[in-house]
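Contents: one structure, followed by commentary.
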Amino acid sequence: MLTFEECGEMLDDIVDEMPRDLFRELNGGIILLPQSKIHPAAVDNDLYILGEYRRDSLGKYIAIFYGSIAKIYGNNSEYNIKQHLRRIVHHEIRHHNEYLAGCDDLVIYDKQQIDSYLERKKQEN
Numbered sequence: 000m001l002t003f004e005e006c007g008e009m010l011d012d013i014v015d016e017m018p019r020d021l022f023r024e025l026n027g028g029i030i031l032l033p034q035s036k037i038h039p040a041a042v043d044n045d046l047y048i049l050g051e052y053r054r055d056s057l058g059k060y061i062a063i064f065y066g067s068i069a070k071i072y073g074n075n076s077e078y079n080i081k082q083h084l085r086r087i088v089h090h091e092i093r094h095h096n097e098y099l100a101g102c103d104d105l106v107i108y109d110k111q112q113i114d115s116y117l118e119r120k121k122q123e124n
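Pasting the structure below:
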């Protein structure tokens with residue numbers, strides 16, 4: 000099981016691999032939070048939020064939820080967890096850059112994913 004500290008080190012490595020320009024105006028950076036977070040649309044508390052792009056009074060930043068990652072990927076190898084973390088960071092950085100560009104493609108994609116999840120849950124019940 001990956002510890003919070005090990006997860007933070009992996010995130011640092013992932014961020015260091017990425018071009019600096021992708022982080023322009025991300026004044027709050029990337030933060031790792033210890034908790035898990037259930038998506039508000041979750042039907043059976045089975046839909047976790049792994050990361051979020053946030054814009055609020057603190058600025059623009061990305062929150063990564065260690066508890067959610069541990070719950071979903073905790074039994075994976077460190078290599079596989081790092082691959083999942085990389086995908087999460089890339090996804091949230093894309094949200095940031097699309098916001099800067101005035102584009103909503105990834106927001107629309109995320110909504111489609113939630114709609115698909117809800118349709119599957121409806122069919123299960």
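First residue of the sequence shown? That's 0 in numbering that gives the first Met the number 0, and the numbers climb one at a time after it. Backbone N, C-alpha and C define an ideal beta-carbon position, used for all residues, glycine too. Here the structure is a predicted model, which is why all the values come from computation and not from measurement.
In whole angstroms, what separates the C-alpha of Gln82 from that of Met0?
-> Approximately 15 Å between the Cα atoms of the pair.
C-beta contact flag for Arg53 and Ala62 at 7 Å | In contact: Arg53 and Ala62 (Cβ atoms closer than 7 Å).
Pair within 7 Å by beta-carbon distance, Leu84 and Ser67 = no
May I have the straight-line CA-CA distance separating Glu24 from Asn74, to the nearest angstrom?
-> 35 Å
Residue interval of the beta strand (DSSP E) (run including Leu49) = First-last for Leu49: undefined, no H or E at that position.
Residue burial classification, Ala100 (beta-carbon count within 10 angstroms, cutoff 16) = exposed
If you follow the beta strand (DSSP E) that Lys70 is part of, which residue opens it and which one closes it?
-> Premise fails: Lys70 lies in the alpha helix (DSSP H), 65-72, not in any beta strand (DSSP E).
Nearest-angstrom beta carbon gap, Leu57 and Leu31 [assumed within contact, 8 Å] = The C-beta distance from Leu31 to Leu57 rounds to 15 Å, too long to fall under 8 Å, and the pair is not in contact.
Within the stretch 75-114, ranges of the alpha helix (DSSP H) (whole runs, at least 4 residues) | 77-100
Residues bridged to Ile61 by DSSP?
-> As DSSP reads the structure, Ile61 sits in a beta bridge with Ile29, Tyr52.
Hey, out of Ser76, Asn44, Val88, whose CA is closest to Glu16's CA?
-> Per the C-alpha coordinates, the member of Ser76, Asn44, Val88 positioned closest to Glu16 is Val88.
Beta carbon of Asn96 nearer than 7 Å to that of Lys59 | no
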